[in-house]
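Chemist:
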Amino acid sequence: MVGSTTGSRLRAVFLGAVLLCASACTTAPHHPQPVAAGRPSSSGGDFCSVDTPREWTTAEAVGLLPHAKNEIVSTVAVSADGSASYAADSIGGATSLVQFTDHGRHKHTIFTPPAGTYFGAGYSFDGRWLIFSTTTVQDVVGPWKLYAWDSAGHLGPHEFAHEDDPVPTSRALQTSTTAGKVTWAQGIADGGQAIHVFDLVSGRDRVVRQAHVGRPLFAGTTLVWPEAAAPDTPARLKALSDYGLGAPYDLPEPLRRIGEPQNLATDGVTWAWASPDFGTLYAWRTGWADSETIHTTDARHDHVEWMAVAGDLVTWTGNATYIADLRSHSFTRVTPAYGGSVAFGKAIGVGYPDTLDKGGTETDFVVKEAALPPLPNCAGWRAVPQGAVANLPTS
Amino acid sequence: MERIKRLTAIVGAACALATGVGGVAGAAASAPAAIGSATGYDPYYQLKIQLDRPGADGFAADRGTQTPYVMSAGKAAALKAHTRLGVTPHSCNPYTGCTGGVAGSVAMTQQGQEANNWCGPASLVETLRQDGGYIGSGTWGTSRATAQGWAARVLGTGYPGGSGTGGTGWNQQDAFSSALNSYNNHGGYYDKVSVGSPYGDYVTDFMTRMESDINTGWGMAAVAYEVPNGPHLVGHPNSTIYHFFNIYGYDDSASTTKYEDSATTVWSSVPPYSNYNTSTLVEIISGRQYYW
Chain V
141 MVGSTTGSRL RAVFLGAVLL CASACTTAPH HPQPVAAGRP SSSGGDFCSV
191 DTPREWTTAE AVGLLPHAKN EIVSTVAVSA DGSASYAADS IGGATSLVQF
241 TDHGRHKHTI FTPPAGTYFG AGYSFDGRWL IFSTTTVQDV VGPWKLYAWD
291 SAGHLGPHEF AHEDDPVPTS RALQTSTTAG KVTWAQGIAD GGQAIHVFDL
341 VSGRDRVVRQ AHVGRPLFAG TTLVWPEAAA PDTPARLKAL SDYGLGAPYD
391 LPEPLRRIGE PQNLATDGVT WAWASPDFGT LYAWRTGWAD SETIHTTDAR
441 HDHVEWMAVA GDLVTWTGNA TYIADLRSHS FTRVTPAYGG SVAFGKAIGV
491 GYPDTLDKGG TETDFVVKEA ALPPLPNCAG WRAVPQGAVA NLPTS
Chain E
376 MERIKRLTAI VGAACALATG VGGVAGAAAS APAAIGSATG YDPYYQLKIQ
426 LDRPGADGFA ADRGTQTPYV MSAGKAAALK AHTRLGVTPH SCNPYTGCTG
476 GVAGSVAMTQ QGQEANNWCG PASLVETLRQ DGGYIGSGTW GTSRATAQGW
526 AARVLGTGYP GGSGTGGTGW NQQDAFSSAL NSYNNHGGYY DKVSVGSPYG
576 DYVTDFMTRM ESDINTGWGM AAVAYEVPNG PHLVGHPNST IYHFFNIYGY
626 DDSASTTKYE DSATTVWSSV PPYSNYNTST LVEIISGRQY YW
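Here the protein sequences line up with chains V and E, keeping their order.
Each number in our numbering comes from the position in the first sequence (counting from 1) with 140 added on.
Each number in our numbering comes from the position in the second sequence (counting from 1) with 375 added on.
(1) Determine the contact status of residue 384 of chain V and residue 355 of chain V, defining contact as a CB-CB distance below 9 Å.
(2) Please state the DSSP three-state secondary structure of residue 484 of chain V.
(3) If you compare alpha carbons, which of E/560, E/559 and E/569 is closest to residue 549 of chain E?
(4) Assess, as a yes-or-no matter, whether the stretch 630-642 of chain E is touched by the stretch 468-476 of chain V under the definition of 3 or more beta carbon pairs within less than 8 Å.
(5) What residue does the beta strand (DSSP E) around residue 462 of chain V start on, and which one ends it?
(6) Could you name the residues of chain E that residue 440 of chain V contacts, counting a contact when the two beta carbons are closer than 7 Å?
(7) Less than 8 Å between the CB atoms is what I'm expecting for residue 587 of chain E and residue 498 of chain E, so what's the real figure, rounded?
(8) Just checking, does the stretch 186-206 of chain V make contact with the stretch 237-244 of chain V on the three C-beta pairs under 8 Å criterion?
(9) Using the Cβ count rule (16 or more neighbours within 10 Å means buried), how would you classify residue 264 of chain V?
(10) Determine the DSSP secondary structure at residue 483 of chain E, reduced to helix, strand or coil.
(11) Measuring only the C-alpha atoms, how far is residue 197 of chain V from residue 473 of chain E?
(12) Within its chain, find whatever has a CB closer than 8 Å to the CB of residue 399 of chain V; leave out the 5 residues flanking it on each side and keep chain order.
(13) Smallest Cα separation from residue 575 of chain E: which of E/487, E/449 and E/469?
(14) For the stretch 604-624 of chain E, enumerate the residues whose C-beta is nearer than 9 Å to any C-beta of chain V, in chain order.
(15) Nearest CA to the CA of residue 414 of chain V: which residue from V/434, V/427, V/396 and V/425?
(16) When you compare the CB positions of residue 407 of chain V and residue 359 of chain V, do they come within less than 9 Å of one another, or not?
(17) For residue 496 of chain V, return the contacting residues in chain E, with the cut-off set at a CB-CB distance below 7 Å.
(18) Would you say the stretch 486-498 of chain E touches the stretch 522-531 of chain E, given that touching needs at least three Cβ pairs under 8 Å?
(19) So that I know if they touch, is there some Cβ in chain V lying closer than 9 Å to that of residue 552 of chain E?
(20) Mind checking if residue 496 of chain E is an interface residue toward chain V, Cβ cutoff 9 Å exclusive?
(21) What in chain E is Cβ-close to residue 240 of chain V, meaning under 9 Å?
(22) Would you give the residue range spanned by the beta strand (DSSP E) that residue 414 of chain V belongs to?
(23) How many whole angstroms separate the CB atoms of residue 618 of chain E and residue 598 of chain E, which I take to be in contact at a CB cut-off of 8 Å?
(24) Note down, in chain order, every chain C residue with its Cβ under 9 Å from the Cβ of residue 493 of chain V.
(25) Beta strand (DSSP E) containing residue 590 of chain E: first to last residue?
(26) Grab me the residues of residue 229 of chain V's own chain with a C-beta within less than 6 Å of its C-beta, minus the 5 sequence neighbours each way, in chain order.
(27) At a Cβ cut of 9 Å, what residues of the stretch 460-487 of chain V count as close to chain E, listed as they run along the chain?
(28) Is the beta carbon of residue 288 of chain V less than 9 Å from the beta carbon of residue 269 of chain V?
(29) Thinking residue 487 of chain V and residue 218 of chain V are a contact (beta carbons under 8 Å), I'd like their distance in whole angstroms, please.
(30) In the stretch 467-480 of chain E, which residues sit with their C-beta less than 7 Å from some C-beta in chain V, listed in chain order?
(31) Starting from residue 396 of chain V, trace the beta strand (DSSP E) in both directions and tell me its first and last residue.
(32) With a CB to CB cut of under 8 Å and the five nearest residues on each side skipped, what residues in its chain are close to residue 420 of chain V?
(33) In angstroms, rounded to a whole number, what distance separates the CA positions of residue 517 of chain V and residue 531 of chain E?
(34) Taking the C-alpha atoms as reference points, what is the distance between residue 313 of chain V and residue 475 of chain V?
(35) For residue 625 of chain E versus residue 480 of chain E, is the C-beta distance shorter than 9 Å?
(36) Shortest alpha-carbon distance to residue 426 of chain V belongs to which of V/409, V/442 and V/441?
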């Protein structure tokens, strides 16, 4: 909830965006006044912006995570049904990784790093295994350790990989997890990266590719990553079957055509990515003949980033966080300004700052797709074209 | 007031990350083909003699300012020179821009940082190249001699990828303006402005100064302070990140800022050149500083 004092300051700043909004304004969640002027859907986007329906704001209010006054929570993952969420939880400067259940009323501490150790950015979740990283320096890239925690309760947090002396050209650590497999790219001496696939059950670590690659991620049983011939040159998606341990996989044509995908996100069925200038959001899903444009923005003033996919819903963040509904070909704004989202299964976790002050409190909520009826349709909306496109194998 | 104090009291490192949230994926972006040209080119500065600059130990003292309303005597003199040449911008508004010029840019000089903790050296080299300044060559350990290696020595950044250096850290943020003043080719001053808040005068002053510097052929630099779920530079993940970057131009009467990001070698999703809403960019810088 946006606090009364700080919220008014945020609204004052936000007025600028309101003035720039021509139409199609939406209502921010949990706010006593309808603040949020949404942006109009540009002519370049096929989807349109709509007001947030009452059912959605109700679901968001129900999914609010209660926080203590001095508690700063950053959600890093949600369970498939939204019944649990996982967050970096800071109180008085000490940060722990925690699990929230029972609408946030129950908090279980998973891991508290020892003094002089910090959480990294390598979070991922496959429905059972929560992956996270720690580092002993505050550099973007430094020595790191990767941990896994079994949400089924069979195994506590345990380290399964580490890098004590990353090469200077190492990229920041990012992970993806599915079916007990974890993948990440790790810098190697020639300036490239090695894609690792680690099996949490067998404890076996394999390097499946060495090249100039972006973040690898799982799409069902397929391992996908962007690859370039050299740094700062255009990349294309590559794929391997069988969790990266099998043969090269021919991606469907709409995915093969992607030029320089930015912020690629997928649940194995639906894919979302941004144009190279982060100005246009595209989506494609199994069965579609071609990709769809969800939103186009003026990249001089706004950007499309941090996408996540949950069933028929695609989220992204620019000057605010939005959820697009593939059922209705429309989207709505769900934060007053900025924010971020995570998704898994058919649940979405959204967080946004209560003020523009850095290090301040946040509002966080978790919503399930089942609690979100399709957004209103737009005039001229047409059914998503269906085509005979090969399905990606799923786990 | 309390809020401003809190922000200005924050210390930390640039090219650094704290408790992280989320992540991004993507691929490397290619650099735009077009090369920008200086707008409002100033023959006054062309007459300056390029001096052999002093070494790393000899550069001038930091000339930082702590409020948006104050500038050093040297910077004021430089601005007077701008005024005489008729390129000083006029009134600026966060939403409508400045009245002094629609667009301008200096040379596009982006280079990927050679080590993940070298955003400061990369940004220094990028800015000095825009200024036609002196750039040396230096090595660290067994690495080859490079401009960023020289800059890392000047700034005291530390070994490439060195653990525990804290990137281009807090104390080196003073060294950054000192280095700019020692090695730029304008004979002019760079001031460091600590941005205490993302509001009001901090935004309009930034716009005014960006327009002034770019119109007279100066590049700028700044330090981003990004927090989870807050605004980030394009392509950065949703984490806490401290990061030096270069500013090479403006558009839309300074309501849009054009910047270079050396982190193309840190996250594959980072474009070398981006445009950004100026008000939001100042929000990203708030709690840290810019150099103009």
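The beta carbon of each residue, even a glycine, is placed where N, CA and C say it ideally should be.
Bear in mind that the values here come from a model prediction, so they are computed numbers and not experimental data.
Modeler: Judging by the given coordinates:
(1) no
(2) Residue 484 of chain V falls in the strand class under three-state DSSP.
(3) Closest by alpha carbon: E/569.
(4) no
(5) 461-465
(6) The answer, in chain order, is 626, 627, 631 and 650.
(7) About 20 Å; that fails the 8 Å criterion.
(8) Here the stretch 186-206 of chain V makes contact with the stretch 237-244 of chain V; the two share three or more CB pairs at distances below 8 Å.
(9) Buried is the label assigned to residue 264 of chain V, since at least 16 other Cβ atoms lie within 10 Å of its Cβ.
(10) coil
(11) 39 Å
(12) 374, 376 and 416
(13) E/469
(14) Taking 9 Å as the Cβ-Cβ cut-off against chain V, the residues of the stretch 604-624 of chain E that qualify are 604, 605, 606, 607, 609, 610, 611, 612, 613, 614, 615, 616, 617 and 618.
(15) V/434
(16) yes
(17) 573 and 658
(18) yes
(19) no
(20) no
(21) Ordered by position in chain E, no residue passes the 9 Å Cβ test against residue 240 of chain V, which lies about 15 Å from the chain.
(22) 410-414 is the extent of the beta strand (DSSP E) around residue 414 of chain V.
(23) Right, the Cβ-Cβ distance comes to about 7 Å (below 8 Å), so this counts as a contact.
(24) Among the chains of the structure shown, chain C does not appear; the protein chains present are V and E.
(25) Taken as a continuous stretch (DSSP letters only), residue 590 of chain E belongs to no beta strand (DSSP E), being part of the alpha helix (DSSP H) at 575-590.
(26) 213, 236 and 238
(27) Taken in chain order, the members of the stretch 460-487 of chain V whose beta-carbon sits within less than 9 Å of a beta-carbon on chain E are 461, 475, 477, 478, 479, 480, 481 and 482.
(28) yes
(29) 5 Å
(30) Correct list: 469 and 470.
(31) Here residue 396 of chain V belongs to no beta strand (DSSP E); instead the alpha helix (DSSP H) covers 393-396.
(32) 184, 185, 414, 433, 435, 436, 437 and 444
(33) 58 Å
(34) 28 Å
(35) yes
(36) V/409
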